[in-house]
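Working notes, beginning with the structure itself.
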Amino acid sequence: DIQMTQSPSFLSASVGDRVTINCKASQNINKYLNWYQQKLGEAPKLLIYNTNNLQTGIPSRFSGSGSGTDYTLTISSLQPEDVATYFCLQHSSRPNTFGAGTKLELK
Amino acid sequence: EVQLQESGPGLVKPSQSLSLTCSVTGYSITSNYWGWIRKFPGNKMEWMGYISYSGSTSYNPSLKSRISITRDTSKNQFFLQLNSVTTEDTATYYCARELPGYNYGFDYWGQGVMVTVSS
C-alpha cells in the first residue's frame, strides 16, 4: 500500500495568513491526489482533485500543487470559516490511502 | 443535489457482524462507484471497498474475507457488512461516491456513523 505522510498535524494561524499543508507519498502517485476539508460533525468536502483542480463551488483561495511524491494544499488568505481538519487522499492505486489529517485553528 | 446518509447500530458486540446502510438521494447508484471508508479513533482513515455501477465489488485486502458490500438498486441503497468484529473495528464509518470514471477519489460523502464494538 502507498503510505501518505501528512504535515503538520496541527496548525495555528491568523486570519489573512497564507497556510500550507503537505502530503508526501511513499512512491510516485502521478498527481492522483485529492484534498478534503472536514468540519466538526460534517461530511468531508472535496476541495481539490488531481492535485490542482478546484472543485466546483470552492473558493479560489484554495489551491493545490505538486508532483511525484510531494503535494501541497495552500490557503492564500485564511478565513474564519476555514477552521477545520484537512486531509489528503491518493487514488493512484488501490487500496486508496489517506493522510492522517491536519487540524487548522485560528490563532 | 447528491446526498448520502449512513444508518445502522451504534454498538456491536465482539465476534458479531456490523451492518450499515447507505441511502443515496439525488443520484442513481447504477452510475459511478460507491465506497465505504472508516476513520479510527486517532483519525487514521481506511478505504474499505467499493461497489460499482454494475454491482461488481473490490475490497481492501486488509479486511480479507470479513467484508461484503451489496446493494438494492430499487431503494437506491448500498450496504456494508463486516463480520467477526473486534474492538479494533471501532470507528466512524462513511459512505461516499467516487468521482465519475474509475478511481478518481470521492466527491460526495455522508456525515458518518460512529460504531463502537464492545461487550
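Just so you know, the sequences run in chain order A and B.
Under the numbering used here, the letters of the first sequence match residues 14 to 120, in that order.
Under the numbering used here, the letters of the second sequence match residues 2 to 120, in that order.
Glycine included, every Cβ here is placed at the ideal spot set by N, Cα and C.
From the DSSP output, in three-state form, read off residue i for me.
i	result
S106 of chain A	coil
E94 of chain A	helix
E118 of chain A	strand
L100 of chain B	coil
E55 of chain A	coil
S69 of chain B	strand
T91 of chain B	coil
S63 of chain B	helix
S25 of chain A	strand
T87 of chain A	strand
N66 of chain A	strand
Q16 of chain A	coil
S120 of chain B	coil
V13 of chain B	strand
F41 of chain B	coil
N47 of chain A	strand
G79 of chain A	strand
K76 of chain B	coil
E2 of chain B	coil
N33 of chain B	coil
A113 of chain A	coil
I34 of chain A	strand
I61 of chain A	strand
Taking the alpha carbon of residue i as the reference point, which residue from the options has its own alpha carbon closest?
i	options	result
S53 of chain B	B:I70, B:W110, B:L21, B:T88	B:I70
T33 of chain A	A:L86, A:Q103, A:T18, A:N109	A:L86
Q82 of chain B	B:M46, B:K14, B:L19	B:L19
Q40 of chain A	A:E55, A:G81, A:I61, A:I88	A:G81
G43 of chain B	A:T98, A:S105, A:P108	A:T98
S24 of chain B	B:G113, B:S57, B:G50	B:G113
A97 of chain B	A:D83, A:G79, A:L59, A:D14	A:L59
Y103 of chain B	B:Y94, B:Y51, B:D90	B:Y51
T117 of chain B	B:R39, B:E2, B:Q4	B:R39
V3 of chain B	A:C36, A:N35, A:A38, A:A56	A:A56
Going straight from the alpha carbon of residue i to that of residue j, what length do you get?
i	j	result
E99 of chain B	N43 of chain A	18 Å
P101 of chain B	N33 of chain B	6 Å
I71 of chain A	T64 of chain A	14 Å
A92 of chain B	L64 of chain B	14 Å
D73 of chain B	T87 of chain B	27 Å
G77 of chain A	S75 of chain B	39 Å
E7 of chain B	F80 of chain B	9 Å
F100 of chain A	Q17 of chain B	31 Å
T22 of chain B	F75 of chain A	33 Å
S120 of chain B	S85 of chain B	13 Å
W48 of chain A	G112 of chain A	10 Å
S89 of chain A	G27 of chain B	33 Å
R31 of chain A	G54 of chain A	26 Å
Q78 of chain B	I30 of chain B	7 Å
G29 of chain A	D90 of chain B	40 Å
P21 of chain A	W35 of chain B	30 Å
M17 of chain A	N66 of chain A	20 Å
Q56 of chain B	Y84 of chain A	It is worth fixing the name first, because residue 56 of chain B is Gly in this sequence and not Gln. Distance between the alpha carbons of G56 of chain B and Y84 of chain A is about 34 Å.
N109 of chain A	Y62 of chain A	14 Å
Y109 of chain B	W48 of chain B	15 Å
V1 of chain B	M115 of chain B	Outside the displayed span of chain B (2 to 120) sits residue 1 of chain B, for which this structure offers no information.
V96 of chain A	S59 of chain B	35 Å
Q: Would you check if the region 25-37 of chain A and the region 98-118 of chain A touch, i.e. whether three or more CB-CB distances between them fall below 8 Å?
A: yes
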